[in-house]
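Engineer: Below is the structure I would like to discuss, written out as structure tokens.
Residue numbers (the UniProt record's numbering): 1 to 202.
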């Protein structure tokens, strides 16, 4: 008897079944993404405070920093910044050393999911290199701020591990620690605002 094929799908609260090895845009819902990211902790949960710092909160911060880099820029790319870690709603957030140890297979799964998510919401499956670079820069600024504010890093260590071209970009930014339900609602609200901008409704 042939062995049963491995299950490669995840059932979502929306009822969707997302194939992790061959994801399609049709099986992706923003409510599932927001819910999942609100319950995924950054820094493996090793952060100060009474609530974990979620990937949803991190994504909101990265989008804010991205907008600071080019105020009033194309809302499509701001949406891409908000969704930059969206695959983690099903594969979780892993710190860089773990990603490096897992190698190419993890990265390939992340890329497939990201492409499907982008296409689901009207973005190109592969983002332009210049946009990827800006999102990466915003992500690094966020990581520096998080490292110092809640993850126990000293300022000198954070500067070495998370170099940023302009530390002034962190001025006035805050880290939000709140219940997952609040993070989920904030993420969905920001998504709705950006989609309205893209559609020309506001």
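Note that CB positions come from ideal geometry on N, CA and C, so glycine has one too. Values in this document were obtained by computation on a predicted structure and should not be read as measured data.
Does the beta-carbon of residue 156 have 16 or more other beta-carbons within 10 angstroms, so that it is buried, or is it exposed?
Structural biologist: It counts as exposed.
Engineer: I'd like the span of the alpha helix (DSSP H) that includes residue 69, first residue to last.
Structural biologist: Where residue 69 is concerned, the enclosing alpha helix (DSSP H) stretches over 55-69.
Engineer: How about the region 81-100 and the region 27-37: do they share at least three Cβ pairs that are nearer than 8 Å?
Structural biologist: Touching, per the Cβ criterion.
Engineer: Let's see if you can read the secondary structure: which residues bound the alpha helix (DSSP H) around residue 17?
Structural biologist: Element bounds for residue 17: not the alpha helix (DSSP H) but the beta strand (DSSP E), 17-19.
Engineer: Is the CB-CB distance between residue 115 and residue 84 below 8 Å?
Structural biologist: No, these two residues do not count as a Cβ contact at 8 Å.
Engineer: Can you tell me whether residue 119 is helix, strand or coil according to DSSP?
Structural biologist: Helix.
Engineer: Tell me the rounded alpha-carbon separation between residue 31 and residue 14.
Structural biologist: Taking the straight line from one Cα to the other gives about 8 Å.
Engineer: For the candidate residues 71, 176, 100, whose alpha-carbon lies nearest to that of residue 51?
Structural biologist: Measuring from the Cα of residue 51, the nearest candidate turns out to be 176.
Engineer: Candidates 118, 142, 162: which alpha carbon is nearest residue 23's?
Structural biologist: Considering only alpha carbons, the answer is 118.
Engineer: Using CA atoms only, rank isn't needed, just tell me which of 72, 198, 200, 80 is closest to residue 133.
Structural biologist: Cα-wise, what sits closest to residue 133 is 80.
Engineer: Taking the alpha carbon of residue 162 as the reference point, which residue from 110, 137, 182 has its own alpha carbon closest?
Structural biologist: Of the candidates 110, 137, 182, the one whose C-alpha sits nearest the C-alpha of residue 162 is 137.
Engineer: Is it buried or exposed for residue 127, if we count other Cβ within 10 angstroms and need 16 for buried?
Structural biologist: Its Cβ being crowded by 16 or more others within 10 Å, residue 127 is buried.
Engineer: Just checking, does the region 41-50 make contact with the region 66-74 on the three C-beta pairs under 8 Å criterion?
Structural biologist: Touching, no.
Engineer: Look at the Cβ atom of residue 183, then the Cβ atom of residue 56, and state whether they are nearer than 8 Å.
Structural biologist: Contact: yes.
Engineer: By alpha-carbon positions, which one of 170, 190, 160, 113 ends up nearest to residue 217?
Structural biologist: Here the chain covers residues 1 to 202 and nothing more, so residue 217 does not appear.
Engineer: What do you get for residue 78, buried or exposed, if any count of 16 or more other CB atoms within 10 angstroms of its CB means buried?
Structural biologist: It is buried - the Cβ of residue 78 has at least 16 other Cβ atoms within 10 Å.
Engineer: Rounded to the nearest angstrom, what separates residue 187 and residue 66 at their Cα positions?
Structural biologist: Taking the straight line joining both Cα atoms gives about 16 Å.
Engineer: Tell me residue 41's beta-bridge partners as DSSP assigns them.
Structural biologist: The partner list for residue 41 (beta bridge, DSSP) reads 54.
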